[in-house]
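Colleague: To start, I am sharing the structure in question, which I have written as structure tokens.
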Amino acid sequence: MDEASYKILIADDNMSDRMILTAIVKKMGHTVISASDGLEAVNQYNEQNPDIILLDVMMPNMNGQEAAVEIKSIAGEEMVPIIFLTSLQDASDLAACLESGGDDFLSKPYNPIILTAKINAFSRMLKMHKILQQQKDVISENAEHLLNEQQVARAVYDNVAHSGCLDLPNLKFLLSPFSVFNGDVLLAARKPSGSVHILLGDFTGHGLPAAIGAMPLAEIFYGMTAKGFLMEEILREINSKLKNILPVGYFCCACMANLSFRKKEMEVWMGGLPDYYMFRKDSNEVEHIQSTHLPLGVLSSQAFDATTQRLPFNTGDKLFMWSDGIIESRNDTGDLFGEERLKQIFADNQDRSLLFDEIEHTVNIFTGESGKDDDTTMLEITMVEESEIGEAAIDLSSGAIHGPTDWKMAYTLRGDTLKTFNPLPVMLNILNDVPSLRRLSGQLYTLMAELFSNAFEHGVLGLSSDLKSSTEGFTKYYQQRAENMENIGDGYVCFIFDHKPTDAGGELIIKVIDSGDGFDYKLKKDSDFKVEGYSGRGIPLIRTICETLKYSGNGNTVEVTLHWDAEETE
Amino acid sequence: MARLNMAQVQELKEIMEDAFEDLISTYIQDSQDKLKQLSKANFDQNADMIGSLGHSLKGSSLNICAEDLSTIFKQIEDSGRSHDLSTVTQLLIQANAEFEAVKTALNAL
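So the sequence lines, in the order shown, correspond to chains Y and X. For the first sequence, my numbering gives the first residue as 1, with consecutive numbering after it. For the second sequence, my numbering gives the first residue as 1, with consecutive numbering after it.
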């Protein structure tokens with residue numbers, strides 16, 4: 001539109017003047033609308049929406065200046081150039097015309113060349129204004145779109161990265177986002193067995209790039225934990241996923257922990273994070289736990305080492321976890337908070353229940369107004385009795401009541417598979433195909449875990465459970481376990497599941513046979529099984545879950561029976 | 001200054017083309033009406049009316065290239081604006097005479 005055609009309003013009370021202007025403007029190829037006074041000019045503006053206005057100053061009804069003020073206020077952000085028609089002799093009026101919103105003047109007698117020049121100048125200005133307006137609209141649309149996307153992404157991120165069971169009464173946490181998204185991830189989830197998996201991750205960088213990696217990490221963590229996978233298996237999966245998707249130089253410093261309420265044990269894997277502090281209630285001492293691995297997403301699956309550290313973790317013991325944001329926070333003069341200051345807080349502390357708040361408070365005072373350089377994430381885990389936590393909630397999102405009810409299967413694990421593979425998720429998956437058993441999956445998992453560990457550790461490996469009752473024995477137990485593993489030979493553990501429908505619902509019989517030497521179950525009286533603290537073969541635990549428990553053969557075969565009621569499990 | 005600025009008249013003719021005669025007759029008709037209103041306003045001693053009619057006629061006369069006539073109307077406008085009407089009667093006689101001369105000149109074009 002080089003030779004743009006505009007709609008031009010000519011407002012002049014003098015008919016002969018209007019005729020001359022109309023002739024000039026029409027010759028330029030524009031359309032003319034005319035008005036004979038100010039009031040008519042305003043009306044014409046409203047109805048016809050002209051692009052440029054030629055406005056006489058002195059007019060009856062409403063003079064040019066009043067009309068200009070009115071029109072400019074109606075136009076708002078829209079650009080409407082107003083050229084006042086006047087004679088140079090009326091110079092004193094010029095200032096008033098400008099004040100009322102006039103953009104230019106045309107003096108009498110009208111000169112077609114000057115008027116053409118002025119109209120052309122304004123038409124160029126209109127074009128630029130239109131482009132500017134369009135770009136402004138595009139920019140504000142984009143900005144709105146971006147903001148909207150960020151808000152949605154933030155909501156998704158928060159749902160994924162900070163969900164799970166962080167609200168457990170024995171967990172205290174602090175998440176301080178450095179930007180909209182922080183690179184820190186803090187996840188907690190119950191296993192079917194009732195234990196808690198915790199993962200604290202610190203991705204390289206900040207913002208969106210760092211947050212994106214958190215999505216698959218959280219998905220794997222929650223999905224596999226719910227299915228009963230072990231820490232090592234979950235860590236392997238996360239590492240290989242992150243290795244695949246993150247660009248070179250991006251990785252995730254992480255600590256994963258398994259908090260077992262029944263074993264009073266903490267299993268820890270740490271990669272690339274600063275030391276964690278474990279406070280012992282009994283000795284009142286602070287132990288340091290060090291990262292022994294590279295961060296997640298650095299090594300290939302083959303090179304990745306998922307070896308964990310197992311530590312006794314008794315009631316009242318506390319573990320403090322953090323990202324590097326704490327010791328790397330800076331004050332106004334740029335000094336690092338550092339590890340020494342952190343140690344000092346532990347040394348000065350009088351009341352262990354206040355430790356968490358003291359750390360947060362001290363770091364906040366240190367950084368002061370300078371804000372935080374890094375994402376600061378901190379978590380305190382306290383060992384409590386399982387009764388304080390409650391049972392793990394099992395997802396019952398599927399409502400089907402049908403499914404396999406009459407079936408039998410045997411599953412035997414031998415050799416290296418027996419040593420390295422965790423059969424529980426697979427078996428639990430099969431049992432979960434019976435919809436009503438899904439509600440019992442927590443108990444089933446616990447039951448099968450006990451049966452498996454009895455058959456494997458005490459049966460196949462021939463370990464004595466008495467060892468685990470002292471701290472020294474605890475270490476020795478795991479040493480012996482590792483030694484015996486090497487000589488497993490043709491040892492095996494066989495699970496036989498037999499599920500039948502009953503009038504009320506169903507009956508599940510699980511028979512476990514191991515290759516071990518067995519034990520003299522006839523000598524153990526029923527009452528022995530129920531003595532508190534007697535951890536022999538975990539039998540008291542199994543008894544609370546099953547209706548019947550029978551040993552047979554030389555003690556290497558155990559059979560448990562469970563009944564489920566369709567109405568109760570609906 | 002001239003009764004009719006002929007260079008400008010030529011330009012105006014080029015702009016108006018066929019509508020030139022129409023413009024002349026519109027101007028003459030309009031001016032005659034306004035001159036009558038001026039006489040009445042002078043009789044009424046209505047200074048504001050004299051000012052605004054003078055302003056209008058000043059502008060349209062200038063546009064029609066009647067420079068001398070426009071100058072007389074400017075004096076009338078100024079008298080009205082300054083509320084000094086002592087010379088308006090004299091100026092009106094001049095204006096009517098000059099208008100007749102301009103009319104004759106325009107019609108002769």
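C-beta: ideal position from N, C-alpha, C; glycine also.
Quick one: measure Cβ to Cβ for I326 (chain Y) and M378 (chain Y), integer angstroms, because I've assumed they're closer than 8 Å.
Modeller: Confirmed, Cβ separation roughly 6 Å.
Colleague: List the whole-angstrom C-beta distance separating N42 (chain X) from T89 (chain X), where the pair is believed to meet the contact cut-off of C-beta under 8 Å.
Modeller: Indeed, because the Cβ distance is near 6 Å, the residues count as touching under 8 Å.
Colleague: Out of X:G59, X:N46, X:L35, X:S31, state which residue places its alpha-carbon closest to the alpha-carbon of L21 (chain Y).
Modeller: Closest option to L21 (chain Y), Cα to Cα, is X:G59.
Colleague: In three-state terms, what does DSSP make of Q134 (chain Y)?
Modeller: Helix, per DSSP.
Colleague: Which one of Y:H293, Y:K108, Y:M79 has the shortest CA to CA distance from N49 (chain Y)?
Modeller: Of the candidates Y:H293, Y:K108, Y:M79, the one whose C-alpha sits nearest the C-alpha of N49 (chain Y) is Y:M79.
Colleague: From the beta carbon of Y110 (chain Y), is the nearest beta carbon of chain X less than 8 Å away?
Modeller: Yes, because at least one Cβ of chain X sits closer than 8 Å to the Cβ of Y110 (chain Y).
Colleague: According to the Cβ coordinates, are L85 (chain Y) and L106 (chain Y) closer than 8 Å?
Modeller: Yes, these two residues count as a Cβ contact at 8 Å.
Colleague: Extract the residue ranges of the alpha helix (DSSP H) inside the stretch 54-100 of chain X, only unbroken runs of 4 or more that lie entirely within it.
Modeller: Runs found: 67-81.
Colleague: If we ignore side chains and look at the alpha-carbon of each, how far apart do G64 (chain Y) and M58 (chain Y) end up?
Modeller: Those two C-alpha atoms are separated by around 6 Å.
Colleague: Rounded to whole angstroms, what's the CA-CA distance from S397 (chain Y) to G459 (chain Y)? Just pull it up for me.
Modeller: Model confidence at S397 (chain Y) stands at a pLDDT of 41, short of 50, so the residue's coordinates are unreliable; what they give is reported in the following sentence. Taking the straight line from one Cα to the other gives about 38 Å.
Colleague: What residues in the stretch 1-18 of chain X have a beta carbon less than 9 Å from any beta carbon of chain Y?
Modeller: Answer set for the stretch 1-18 of chain X: N5, Q8, E11, L12, E14, I15, M16, E17.
Colleague: Please confirm whether D30 (chain X) has its beta-carbon closer than 8 Å to some beta-carbon of chain Y.
Modeller: So yes, D30 (chain X) belongs to the interface.
Colleague: Note the first and the last residue of the continuous alpha helix (DSSP H) segment covering K419 (chain Y).
Modeller: Segment 415-420, the alpha helix (DSSP H) holding K419 (chain Y).
Colleague: Quick check: what's the CA-CA separation for W322 (chain Y) versus G473 (chain Y)?
Modeller: Their Cα atoms are separated by approximately 31 Å.
Colleague: Say whether chain Y places a C-beta atom closer than 8 Å to the C-beta of G59 (chain X).
Modeller: Output row for G59 (chain X): interface = yes.
Colleague: For T71 (chain X), return the contacting residues in chain Y, with the cut-off set at a CB-CB distance below 7 Å.
Modeller: By Cβ distance, chain Y contributes nothing, its closest Cβ being about 10 Å from T71 (chain X), past 7 Å.
Colleague: Mind checking S527 (chain Y): buried by the 16 CB within 10 Å criterion, or exposed?
Modeller: Annotation note: pLDDT 47 at S527 (chain Y) (below 50); position unreliable, coordinate value reported separately. Exposed is the call here.
Colleague: Is the shortest distance between the beta-carbon of A105 (chain X) and the beta-carbons of chain Y less than 8 Å?
Modeller: No, its Cβ sits nowhere closer than 8 Å to a Cβ of chain Y.
Colleague: So A188 (chain Y) is in the beta strand (DSSP E); what residue range does that whole segment cover?
Modeller: A188 (chain Y) -> beta strand (DSSP E) spans 184-190.
Colleague: Between which two residues does the beta strand (DSSP E) harbouring A449 (chain Y) extend?
Modeller: Taken as a continuous stretch (DSSP letters only), A449 (chain Y) belongs to no beta strand (DSSP E), being part of the alpha helix (DSSP H) at 441-453.
Colleague: Please report the distance separating the alpha-carbon of F229 (chain Y) from that of L424 (chain Y).
Modeller: Looking at the two C-alpha atoms, the distance is approximately 8 Å.
Colleague: Starting from E237 (chain Y) and walking both ways along the alpha helix (DSSP H), at which residues does that stretch end?
Modeller: 231-245 is the extent of the alpha helix (DSSP H) around E237 (chain Y).
Colleague: Could you round the C-beta distance between G553 (chain Y) and G518 (chain Y) to whole angstroms and report it? I think they count as a contact, below 8 Å.
Modeller: Contact holds; Cβ gap of about 6 Å.
Colleague: Should L104 (chain Y) be flagged as near chain X, meaning a C-beta pair shorter than 8 Å?
Modeller: This sequence places Asp at residue 104 (chain Y); Leu is not what is there. So no, D104 (chain Y) is outside the interface.
Colleague: Closest by CA to H508 (chain Y), which one among Y:L463, Y:G489, Y:W407?
Modeller: As written in the sequence, residue 508 (chain Y) is Leu, which differs from the His given in the question. Comparing Cα positions, the closest option is Y:W407.
Colleague: Quick check: is the beta carbon of L23 (chain X) nearer than 8 Å to any beta carbon in chain Y?
Modeller: Yes, its Cβ sits closer than 8 Å to a Cβ of chain Y.
Colleague: From this set, Y:P274, Y:P312, Y:Q302, which residue's C-alpha is nearest K281 (chain Y)'s C-alpha?
Modeller: Ranking the options by Cα distance to K281 (chain Y), first place goes to Y:P312.
Colleague: Which same chain residues, not among the five before or five after Y492 (chain Y), have their C-beta less than 6 Å away from its C-beta?
Modeller: Correct list, in chain order: T412, R414, S515.
Colleague: Measure the beta-carbon distance from A68 (chain Y) to G102 (chain Y) and round it to whole angstroms, keeping in mind my assumption that it falls under 8 Å.
Modeller: Confirmed, about 6 Å.
Colleague: Contact criterion: CB-CB distance below 8 Å. Does M28 (chain Y) meet it with respect to chain X?
Modeller: Chain X, which has no Cβ nearer than 8 Å to the Cβ of M28 (chain Y), makes this no.
Colleague: Between the stretch 46-58 of chain X and chain Y, which residues of the former have CB atoms less than 8 Å from a CB of the latter, in chain order?
Modeller: The residues in question are S52, H55, S56, K58.
Colleague: Contact criterion: CB-CB distance below 8 Å. Does N63 (chain X) meet it with respect to chain Y?
Modeller: With 8 Å as the cut-off, N63 (chain X) counts as an interface residue toward chain Y.
Colleague: Would you please state the rounded distance, in angstroms, between the beta carbons of I15 (chain X) and P112 (chain Y)? I believe it to be under 8 Å.
Modeller: I15 (chain X) to P112 (chain Y), Cβ: 6 Å. Contact.
Colleague: Can you tell me whether L62 (chain X) is buried or exposed? The criterion is at least 16 other CB atoms within 10 Å of its CB, across all chains shown.
Modeller: By the 10 Å Cβ count, L62 (chain X) comes out buried.
Colleague: Just to confirm before moving on: does the CB-CB distance between L273 (chain Y) and D202 (chain Y) stay below 8 Å?
Modeller: Contact flag set, yes.
Colleague: Go ahead and pull the three-state DSSP assignment for L21 (chain Y).
Modeller: Helix, per DSSP.
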